Structure formats: C-alpha cells, structure tokens
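Residue numbers (this note's numbering): 42 to 442. The beta-carbon is built from N, C-alpha and C at its ideal position, and this holds for glycine as well. The structure presented is a predicted model; accordingly, all values stated were derived computationally and were not measured.
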C-alpha cells in the first residue's frame, strides 16, 4: 500500500478509535493503541516489522516533544515547592519496583540474571502515556505537577539502575563479560551527563533566539528545529531523547518565562498527530501470540511492579512528608512502560547477543516477556492515570469530570 494512503487511513481510523475509547470513558490513547494493534502483524498486517522500523523516526521525534513538554512544566518555583522530596519519591518508587520484581521473579524462575534484568526494566516508567492523559483532561494541581516531575526524573534513575544491572547479569552468565564490567558501569553516568550538557546548551541557544521572535508561526518553526536537532544528536551519541529534551525544556521555561509559554503552546497542535502516530506504532509492535508466553513470571512482573511503584511512592511520600494526595495517588500514575521498557529490553538483547547461546536465549526471553506484559500494562496504565487525577479533583476538562 502507498505510504501516504496508509498514513492517511491510519490517522482517520485513530480518530474513530479515540472517540470509541472516550465512549467507554477511557483515555483516547487506548483507542490509538487498539487501532495500531488491528493494523499490525497480529491482524491486518498493514504495518509489518519492516514498515514499523522505517517509521521509527516518528517515535524518536514524539519522545523528544514529550521530553520538552515535561521540561516545560518544571519551572524553578514549582521544583522548589516540591523540594527534594520529589527526588526521593522517584528513587523509592524505582527501587521499590526493582526489588519486588527481582525477588518475586527469582523465586518463580530460579534465574538470577533474568530476575536482575526484569527488576531493572520494571523501574522504568514511560512518560508518553502519562503525559498524554494529563493533557487530554487538562489536569492541574499538586498531583499533576508531581507526576510531571517524577516521570521526568524517573528516566534518569531507570537508566542508572538498568546500566548497573545489565553488565552484572551478563557477567553471571558469561564470566568473560566481567572483564568489561567496570567500563559498563560507567556508561549510564556518561549517558546522563552528556544528555544534561547537550540539553543545557540547546536550552541556552533557544532561549536567546526566543527573544528575537515576534510571531507564533516562528515559535513553531524554532520548536520543531530544536527538537529535531536535539533528537538527531541524541541518536548519534546514543543518548536519551527524553532526557536531552527535558533538560532543554527546563532551561527554556526558567530563562524565558513569557516566551517559553508561547513556544510550548505553539507546538501543541503540531504534536497531536505526532502523538497519535506514536501510540499507533506502539500498538503495531504488540503481538497477541506472545501473551500466553507471559506465564507466571510475566504475571508476577505486572503485579509486583505495580506494588513496587505504589508502595515506593507511599513510603517515599511518608518519609519526605509529601501531601496526602501525592502519597495516595501518585503511584497509580506510574504504571505505564510501553516504549521505554521495550527499548531497554532490545538494548539488553543486543548486549547479550554476542555472549553465547545462553545469553542469547535470555535476551529473547526478556523481549517476549516485556512485549507481552506491555500489552496488559497499556490497558491498565492510562486508566489508572485518569482514575488518579479524577479522585484527586484535578481534571479540568468539563465533559470528563
């Protein structure tokens, strides 16, 4: 099928998918993912593996704009008001998921390397689904602010946990991999450091340019150019699209208060079809046939990850004396994993591929488990975000109250 016709039909179908989801009182992204599932290999196969791979640049750009949107919400006065507590909550929820999943899957699978990597993957929270639901329902309030902050900082914490865990798991399988262990342990710090530096540089440059701009259309041009350039550089250097653009957004929103608002508003309409295609492509990657392969380990992963996130937030919120609404509902907004977990699972597979047959099998098992569990979490995650902001009274969209 002609690519333009395919994309046109996809966006048209996604419109009706979003309406259908809303009729069921569910966030629109569930409709988009469902359409992606129908168009993917599991059913119509309009989007085969090669087609989805060729459209990966859409995913990269969408993650860049998501990172920019998160950074744009993290104004200094807000971060100061949230305090160090939000950092500790992020650490506790990430480690809570890691340890619960690690212990639970170890008891079931009896495989230490598998349990270490699954624990590391469980610490990651995909910001895309959470941010999209918050924007769809125009959520505002302390819980919403905390969610923006945590899903942003979570990316850095998850990278550290995964970066430490992967070489340790590899060394347990293939002892020769242990020779490069210390070098591998340094890599996540390098990735985070470079992401922050590049984000700051881009943020400073864009802040200067914004002072010269008068028209809204020019704001859109600058925001697109900034995200495309930062994503391209992140791809070349193997950095996080989300982290680079989040730091850029933080710098811009704190250096140029008025102009930064104009910049972020100008890109909102542009990003709607981009986000739709992002979730469509997430859906095309899901394969129904993998769900039975999930088994007891996959079920334990889903349940223990959710418990780790929720009770990690509650414990962190108690220690840091966070507001009751944050302690009670923040953990419910952190269940999404989708692209982040799948991306890290693919990284684990690539890392393991040359370490022998046992390591390769482990890599394949991880991808199948994470893909299967993602299907379930994609249904639960957005619904729980909506539930959290509704119960906390932070939904501003009148028709959805």
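Distance CB(residue i)-CB(residue j) smaller than 7 Å
i: residue 367; j: residue 184; result: yes
i: residue 272; j: residue 111; result: no
i: residue 164; j: residue 128; result: no
i: residue 332; j: residue 413; result: yes
i: residue 74; j: residue 376; result: no
i: residue 257; j: residue 206; result: no
i: residue 210; j: residue 154; result: yes
i: residue 178; j: residue 436; result: yes
i: residue 126; j: residue 361; result: yes
i: residue 88; j: residue 325; result: yes
i: residue 357; j: residue 130; result: yes
i: residue 430; j: residue 199; result: no
i: residue 270; j: residue 232; result: no
i: residue 245; j: residue 186; result: no
i: residue 123; j: residue 67; result: no
Cutoff 6 Å; reference residue i; Cβ partners in own chain excluding five residues on either side
i: residue 426; result: 171, 174, 374
i: residue 390; result: 404, 408
i: residue 72; result: 58, 59, 61, 62
i: residue 318; result: 99
i: residue 83; result: 328, 329
i: residue 312; result: 106
i: residue 287; result: 108, 111, 112, 193
i: residue 364; result: 183
Whole-angstrom C-beta distance between residue j and residue i, which should lie under 8 Å
i: residue 240; j: residue 296; result: Wrong, their Cβ atoms sit about 13 Å apart, outside the cutoff.
i: residue 162; j: residue 347; result: At roughly 14 Å, the Cβ-Cβ gap does not stay under 8 Å, so residue 162 and residue 347 are not in contact.
i: residue 382; j: residue 411; result: 5 Å
i: residue 247; j: residue 265; result: Actually they are not in contact, since the Cβ atoms of residue 247 and residue 265 sit about 12 Å apart, beyond 8 Å.
i: residue 114; j: residue 350; result: About 20 Å separates the two Cβ atoms, so there is no contact after all.
i: residue 323; j: residue 77; result: 6 Å
i: residue 303; j: residue 260; result: 5 Å
i: residue 140; j: residue 157; result: Residue 140 to residue 157, Cβ: 11 Å. No contact.
For residue i, the nearest candidate out of the options (CA to CA)
i: residue 400; options: 208, 422, 370; result: 208
i: residue 454; options: 326, 436, 341, 305; result: Only positions 42 to 442 of the chain appear in the structure, and residue 454 is not among them; the question remains open.
i: residue 282; options: 236, 231, 246, 87; result: 236
i: residue 379; options: 330, 67, 417, 65; result: 417
i: residue 293; options: 45, 383, 267, 398; result: 267
i: residue 160; options: 338, 238, 93, 96; result: 338
i: residue 54; options: 64, 68, 79; result: 79
i: residue 94; options: 384, 433, 397; result: 384
i: residue 396; options: 213, 244, 233; result: 213
i: residue 341; options: 269, 50, 186, 146; result: 146
i: residue 275; options: 190, 104, 123; result: 104
Residues of its chain near residue i, where Cβ-Cβ distance is below 7 Å and the 5 sequence neighbours each way are ignored
i: residue 355; result: 368, 372
i: residue 392; result: 207, 211
i: residue 370; result: 184, 429, 432, 433
i: residue 150; result: 156, 338
i: residue 96; result: 322
i: residue 92; result: none
Contact set for residue i: own chain, Cβ-Cβ below 8 Å, skip 5 residues either direction
i: residue 314; result: 52
i: residue 252; result: 297, 300
i: residue 359; result: 368
Exposure of residue i, with buried meaning 16 or more beta-carbon neighbours within 10 Å
i: residue 277; result: exposed
i: residue 227; result: exposed
i: residue 438; result: exposed
i: residue 310; result: exposed
i: residue 42; result: exposed
i: residue 9; result: Limits of the chain in this structure are 42 at one end and 442 at the other, which puts residue 9 out of reach.
i: residue 148; result: exposed
i: residue 194; result: buried
i: residue 234; result: exposed
i: residue 238; result: exposed
i: residue 353; result: buried
i: residue 394; result: exposed
heavy atom of the ligand FMN below 6 Å from residue i C-beta
i: residue 156; result: Annotation note on the ligand FMN: not contained in the displayed structure, which lists no ligands.
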